[in-house]
Amino acid sequence: MLYLIITTVIWSLSFSLIGNTLSPDINSWSLAFSRSAIACILFLPWINFKIPISYILKITFIGVLQIGVMYMLYLSAFRHTSVEKILLFTVTTPFYVTMIFQILNKEIRLFAYFTILLSILGGLVIRMTDFDDRDFIGLILVQLANVCFASGQVLYKRIKADSKISTNVYTDFSFFFIGASLVTFIGLIISPSGYTYPKSISQWLLVFWLGGAASGVGYYFWNYGATKVRVETLATMNNLVIPLGLLIEILLFSGSYDFKTFIIGTAIIISSIATSLRYGKI
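As structure tokens, this is what we get:
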């Protein structure tokens, strides 16, 4: 649980930094590849090719899906809609986590959907707003990104639960980020925009922070933490980033907000997490 909380705090900073500081100057493929490559370098010292190739391919595929494809979709959304709305659009991730987990396990647990609905309700209370055609494109991109992100964390949780192979977790993430780096590099090569460089020292520092902390440490903590909690808790924890991310956006960039709805929505999300911890069985 602690791993998930720490990651949530780290990731809550990312939305505003990307949307307000980096997206206007750096295209999505460039930022996705930079983040993946920096994180990959961080874990390369633990790479180990002595483990079965089938296991390596599974972990690499998760990196391709959860990071590579997800980044392409998620970062592209910043070109079409605002930080606040992207935070709102991520509200469905808990549903995808639960649905994918139950499909893979061929079972239906209605309790899980109860906690998910609570979490989604909390997110909607915090940030419900009108949107136009450009926002709709952002919505579609974020939903596809949510599916990729949800699939990755569920697949990693399942592989670690079912696998009899004992590996260093750092080794897992060396292959995880190799997969992410490969797909983002291919995307960068075929992108008509090419690689766009950060334009200032502050932007370079932010890119390194996003690659090392938000991507490297963040995904390691999140996926490792996912193996330690019930799926209901994992699902609902995905929405805790909404109030934290929005709070940072308000304090650093927006300036004003209805804190009554913010507090109510946050309380609902926290109650959904508490309920999953108390009564969840998966």
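Numbering (the working numbering), first residue to last: 545 to 826.
We put the beta carbon where it would ideally sit given N, CA and C, even for glycine.
Since the model is a prediction, treat every value here as computed from it, not as a measurement.
In this structure the segment 579-589 lies against the segment 719-731, because at least three pairs of beta carbons, one per stretch, are closer than 8 Å. Residue 762 counts as buried, since at least 16 other C-beta atoms from the protein chains shown sit within 10 angstroms of its C-beta. Nearest C-alpha to residue 561 among 811, 793 and 698: 793. Taking residue 696 as the centre and dropping the five residues before and after it, the same chain places the C-beta of 606, 609 and 610 closer than 6 Å to its C-beta, in chain order. Listed in chain order, the non-local C-beta contacts of residue 705 below 6 Å within the same chain number zero, local neighbours out to five positions each way being set aside.
Residue 596 and residue 677 have their alpha carbons spaced roughly 48 Å apart. The DSSP-derived three-state label of residue 776 is helix. Under the three-state reduction of DSSP output, residue 737 falls in the coil class, being neither helix nor strand. Here DSSP, grouped into helix, strand and coil, assigns residue 793 to helix. The alpha-carbon separation between residue 689 and residue 617 amounts to approximately 5 Å. In terms of Cβ geometry, residue 788 and residue 552 form a close pair [threshold 9 Å].
By the criterion of at least three beta-carbon pairs nearer than 8 Å, the segment 755-774 is not in contact with the segment 620-629. With respect to residue 698, residue 635 sits apart: the two C-beta atoms are not nearer than 9 Å. Counting every other CB atom within 10 Å of its CB across the protein chains shown gives residue 701 a total of 16 or more, marking it as buried.
Here the alpha carbons of residue 712 and residue 590 stand approximately 8 Å from one another. The beta carbon of residue 558 is closer than 7 Å to those of 754 and 758 in its chain, skipping five residues each way along the sequence. For residue 628, the enclosing alpha helix (DSSP H) starts and ends at 627-633. Residue 614 counts as buried, since no fewer than 16 other beta carbons sit within 10 angstroms of its beta carbon. Looking at the backbone, the Cα of residue 554 and that of residue 747 are separated by about 17 Å. Out of 791, 775, 684 and 573, the CA that lies nearest to the CA of residue 694 is found in 775.
Note on geometry: alpha-carbon atoms of residue 649 and residue 771 lie some 15 Å from one another.
Straight across, the Cα-Cα distance linking residue 574 with residue 601 is about 25 Å. Between residue 728 and residue 750, the alpha-carbon positions lie close to 19 Å from each other.
Here residue 596 carries a coil assignment [DSSP, helix/strand/coil]. If you check the CB distance, residue 621 and residue 686 come in under 9 Å.
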